[in-house]
Amino acid sequence: MRLGIFAWFTLALAGPLAAEPWREAASAHFVIYSQESEAELRDFATRLERLDKALRTLQASEDPPLGKASRLTVYVVRDAASVRRLLGEGPKYTAGFYTADAGQSLAFTPRLIGSGSKYDLGAMTVLIHEYAHHYMWRTAPAAYPAWYVEGFAEFWSTARFETDGGVGIGLPAYHRAPTLLLGRNAISLAEMLGETRPAQSPDQLDTLYGRGWLLAHYLTFDKARSGQLARYLDAINRGTPPLKAATDAFGPLEQLDRELRAYVGKRLSYLPLPAARLPVTPPTIRTLRAGEAAILPIAL
């Protein structure tokens, strides 16, 4: 397996991106390897750190110092095709992936991907989605229902990096528009919240991701339902069956379902966090020595 990864990783370096030497950006929560210019890599690492700061600010999470092995290691490769070669399997349109074990967490992302359409599932969207998973399990491990695991990640995946250095959250998940606008709900809301029907088919997974995002967004911004999500998750972690936890926290699910269907067509709330609220320490950038660059694929 490692030989195969080595071969594909070497191929992934061919092309325009390989004109630059390998560089490492080390920051508080990330270690990034890329052949981008120093300025591009610095900007990329700073954006990821501000995203992490936004997560911790809104989730009121602690931020203990992390050793290098505990940070997320990100490899920036040439393009989406290189990502799929490294993965060796998976969907045709895979735009990045994340893997973790007891020793290390890795993410692979392409340098550039997508048509630029707001409906496109771009590389940064995928990377933020996967980092939200990483953040959830490393920062607040608990029993989470499947819809919230994916809904939380989808909610954060649409984060926008503002020109002033801030981060905004709450943009629509346009890449989920077909499922939401066409009403293709292969799993009912009660089944999703009560986890009585696992999502297995592509349509069911689309519903889980799409309505998971919609519900996470609604419960985050709707003032009338403030605190309900926390009560629901707390009840599940106290051992309450998921469906009962849902009805206790949200009330009649038929009413919640009607509200969600109406919410799709409304102008959604957006919360910008200015750069002043997201102070981060600049990353340390260095060029890898020739020997380090040569063994980089083997380290995988």
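Residue 205 is where the sequence shown starts when you use the numbering used here, and the numbers rise one by one after that.
Glycine included, each C-beta is placed from N, C-alpha and C at the ideal position.
Since we're looking at a predicted model, the values are computed, not measured.
(1) Mind listing, in chain order, the continuous alpha helix (DSSP H) runs of no fewer than 4 residues lying wholly within the region 363-408?
(2) Express the C-alpha separation of Q239 and A494 in angstroms, rounding to a whole number.
(3) Helix, strand or coil for Y348? Go by DSSP, reduced to three states.
(4) Please return the same chain residues whose Cβ sits closer than 7 Å to the Cβ of L252, not counting the five positions on each side in sequence.
(5) In whole angstroms, give me the CA-to-CA distance for A428 and T491.
(6) Return the bridge partner residues of E228 from the DSSP annotation.
(7) Taking just the CA atoms, how far does G271 sit from L375?
(8) Counting along the chain, where does the alpha helix (DSSP H) carrying T261 start and finish?
(9) If you count every other CB in all the chains shown that lies within 10 Å of the CB of R442, and 16 or more means buried, which is it?
(10) Can you tell me which of R415, L482, L397 puts its alpha carbon nearest to the alpha carbon of K448?
(11) Which stretch, first to last residue, makes up the beta strand (DSSP E) that contains Y339?
(12) Apart from the five residues on each side of it in sequence, which residues of its chain come closer than 6 Å, Cβ to Cβ, to Y279?
(13) Please list, in chain order, all residues of the same chain as P476 whose beta carbon is under 7 Å from its beta carbon, the five residues on each side excluded.
(14) Give every residue of the same chain whose Cβ lies closer than 6 Å to the Cβ of H333, excluding the five residues on either side of it in the sequence, and list them in chain order.
(15) Report buried or exposed for I499, applying the criterion of at least 16 other Cβ atoms within 10 angstroms of its Cβ.
(16) Should V468 and L386 be called a contact, given that it needs their Cβ atoms to be closer than 7 Å?
(17) For L457, I'd like the list of residues in its chain whose CB is within less than 6 Å of its CB, leaving aside the five on either flank, ordered along the chain.
In this structure, then:
(1) 381-385, 393-398
(2) 13 Å
(3) coil
(4) F234
(5) 52 Å
(6) Y237, R490
(7) 33 Å
(8) 242-263
(9) exposed
(10) L397
(11) Not the beta strand (DSSP E): Y339 falls in the alpha helix (DSSP H), residues 327-343.
(12) Y237, F312
(13) E366, G370, G372
(14) A357, S361
(15) exposed
(16) no
(17) L393, A394
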